[in-house]
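Encoded as structure tokens, the structure appears first; notes follow it.
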Amino acid sequence: MAADTVITLLWYIHGLWRINMEECDGKSTPIREFYRGTNVFITGCTGFMGKVLVEKLLRSCPHIAKLFLMLRSKKGKDWQTRLDETFQDVIFDRLKKEVPDYQQKITIVSGDCQVEQLGLSSSDRRLIIEEVHIVFHVAATVKFDEKLNISFNTNAKATEDILDLAHEMKKLKVCFHTNNRICFTMCTCRRINMEECDGKSTPIREFYRGTNVFITGCTGFMGKVLVEKLLRSCPHIAKLFLMLRSKKGKDWQTRLDETFQDVIFDRLKKEVPDFEQKITIVSGDCQAEQLGLSSSDRRLIIEEVDIVFHVAATVRFDEKLNISFNTNAKATEDILDLAHEMKKLKVCFHRNNRV
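Here full-length UniProt numbering is used: position 222 in the sequence shown is 222, and no number is missing along the way.
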């Protein structure tokens, strides 16, 4: 698989925002060049976020080669009818005016997330394996009263099937998954797991070689998984900048020490006993203006960071509104502002159940 340096999307917000800023003068930009000549496979294209993604790629990346959209028949409507209805949405009005022949870049792949191996035919599966460079797995059911078997097959089993398919893709650059119910690290960590067994250099390891990674939310469950996996499975990663705050009378050092007492770090401690040498703490708080960063820490991040994982969030459904808003929305905006200033930024990734 190819391991090209990527500039990808911070969920949709960062990437589409970047494209908006870059499309005004029609010039070539890093985002556009990344997508030049690429074939993109997208699930969930009839949902809200899927529509936003499809429209933005077709309108703002003129040299993109092809979008493979996975669609299924539903409620008595075949995929062609559903596709036609999707493109009747007002979100595509500007696309139709500016790129009237946009449908020439669309290829439909018949598939269903509730079916084994996505319900792909052998020919469509082979086509995807041979031709696709970028995957956006956006399909999901977000109904909280969904039947368990439907929720599991759509949100969990289909994600596993996407991983299996992506692992076979010969030209894969990026495999991206967003789902309010399933952990974002599933794809990254499984890919690293598959690649770490023989200790050889791999595309994933080479991508992280020499990079500085900024992570928020490192004391949460998913943050711990991410930190442990990067430190153990990417030996040539340069530095992790972990943003931490004092909390409940404990300073950041105490919280960091308690975090590394978690059993999840046991294997890391055995295999990489000096792992803490790669950790730099940045004092910050998602509830504070501009993340509560000092001017020196902010400058350090702007100058040195290559990759951002914004994982911090409050997921309590009874959280006070001001805390929830500042942590899950305002902090994300602050991350975007910070990321836009970063001089070495490759990837800015955001995962949040609320935003």
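Ideal Cβ positions, reconstructed from N, Cα and C, are used throughout, including at glycine.
- Counted as a single uninterrupted DSSP element, the alpha helix (DSSP H) harbouring leucine 58 occupies residues 48–60.
- Counting only the Cα atoms, leucine 53 lies some 11 Å from histidine 137.
- Distance from the CA atom of glycine 249 to the CA atom of phenylalanine 275, rounded to whole angstroms, is 27 Å.
- Linking leucine 83 to aspartate 251 through their CA atoms gives a straight-line distance of about 54 Å.
- Threonine 43 is bridged by DSSP to His137.
- Here the C-alpha atom of phenylalanine 309 lies approximately 21 Å from the C-alpha atom of arginine 316.
- Between isoleucine 237 and threonine 211 a beta carbon distance of about 6 Å is seen, short of the 8 Å cut, so the two are scored as contacting.
- In this structure, isoleucine 307 lies away from lysine 343, with their beta-carbon atoms at least 8 Å apart.
- Membership of histidine 340 in the alpha helix (DSSP H) is indicated by the continuous run 331–341.
- When DSSP assignments are scanned along the segment 194–234, the uninterrupted stretches of alpha helix (DSSP H) that are 4 or more residues long and fall wholly within it turn out to be 203–208, 221–233.
- Around the beta carbon of isoleucine 150, fewer than 16 other beta carbons lie within 10 angstroms, which makes this residue exposed.
- Cβ contact annotation for glutamate 271 (same chain, cutoff 7 Å, sequence separation greater than five): Arg232, in chain order.
- In this structure, phenylalanine 48 sits away from valine 109, with a CB-CB distance that is not shorter than 8 Å.
- Around the beta carbon of glutamate 289, a 10 Å sphere encloses fewer than 16 other beta carbons of the protein chains shown; the residue is thus reported as exposed.
- Comparing alpha carbon positions, the residue from Leu256, Leu71, Pro30 closest to aspartate 112 is Leu71.
- For valine 305, the closest of Glu168, Val282, Ala139, Val135 by C-alpha to C-alpha distance is Val282.
- Residue pairing for isoleucine 281: DSSP places it in a beta bridge opposite Leu242.
- Per the C-alpha coordinates, the member of Thr280, Arg298, Ala65 positioned closest to aspartate 337 is Arg298.
- Bounds of the beta strand (DSSP E) holding leucine 69 are 66–71.
- Less than 8 Å separates the beta-carbon of threonine 219 from that of leucine 244.
- Contact annotation: glycine 44 and alanine 156 have beta-carbon atoms that are not nearer than 8 Å.
- Annotation: isoleucine 129 to leucine 268 spans about 34 Å, alpha carbon to alpha carbon.
- In the DSSP assignment, histidine 167 falls within the alpha helix (DSSP H) that extends over 158–168.
- By the C-beta density criterion, serine 60 is buried, having at least 16 other C-beta atoms within 10 angstroms.
- By the neighbour-count definition (other C-beta atoms within 10 Å, threshold 16), aspartate 285 is a buried residue.
- Under the 10 Å beta carbon count, leucine 321 is surrounded by fewer than 16 other beta carbons and is classified as exposed.
- Of all alpha-carbon atoms in Leu291, Ile264, Pro235, Val263, the one lying nearest the alpha-carbon of glutamine 277 is that of Pro235.
- If you ignore the 5 residues before and after phenylalanine 92, its C-beta comes within less than 6 Å of the C-beta of Glu55, all in its own chain and listed in chain order.
- Across the structure, glutamine 103 and lysine 66 are spaced so that their CA atoms are roughly 10 Å apart.
- Taking the Cα positions, isoleucine 64 is about 18 Å away from methionine 169.
- For proline 203, the closest of Gly119, His177, Val213, Leu172 by C-alpha to C-alpha distance is Leu172.
- In this structure, histidine 167 keeps its C-beta atom at 8 Å or more from the C-beta atom of threonine 38.
- With contacts defined by Cβ atoms closer than 8 Å, leucine 291 and aspartate 334 form a contacting pair.
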